[in-house]
Amino acid sequence: DLLGLLRLGALVRQVFVAPRARTQAEANAAFQSSDPAYLAKRLSLALKYVVLALLVAEHFPVTYALAALGCALDYWVNKWNMLRQLTPLPKTSGLLTITAILSQ
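Residue numbering for the sequence shown follows the working numbering, starting at 12 and increasing by one per position.
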């Protein structure tokens, strides 16, 4: 999970791109990161911990504790990234849901 916490692409933008920005808006954009698939990636990682623990725990009961530790670490990494690193998703109205349902 260290790679998830570091987010190397964002780190490169913050260290190398932002100081060389000509305007404050460009510098702010270098510090903001947007990843639409972030939640899906992180959820699949957490589910991987749970599934592997359930598969292997019959032979190695300590994997329950390791899975709990992995999920706790994953929670704190997600909390840090979502509150400090990622830009909020754009707000949508209920019209998007109604359009998706009626178009089928």
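In this text, a Cβ means the ideal position worked out from N, Cα and C, and glycines have one as well.
- About 20 Å separates the Cβ atoms of S44 and L84, ruling out a contact at the 8 Å cut-off.
- With 16 or more other Cβ atoms from the protein chains shown falling within 10 Å of its own Cβ, N89 counts as buried.
- In the structure shown, S55 falls within a helical segment according to DSSP collapsed to helix, strand and coil.
- One alpha carbon belongs to Y86, the other to A48, and they sit about 17 Å apart.
- DSSP places T103 outside any alpha helix (DSSP H), giving it a letter other than H or E.
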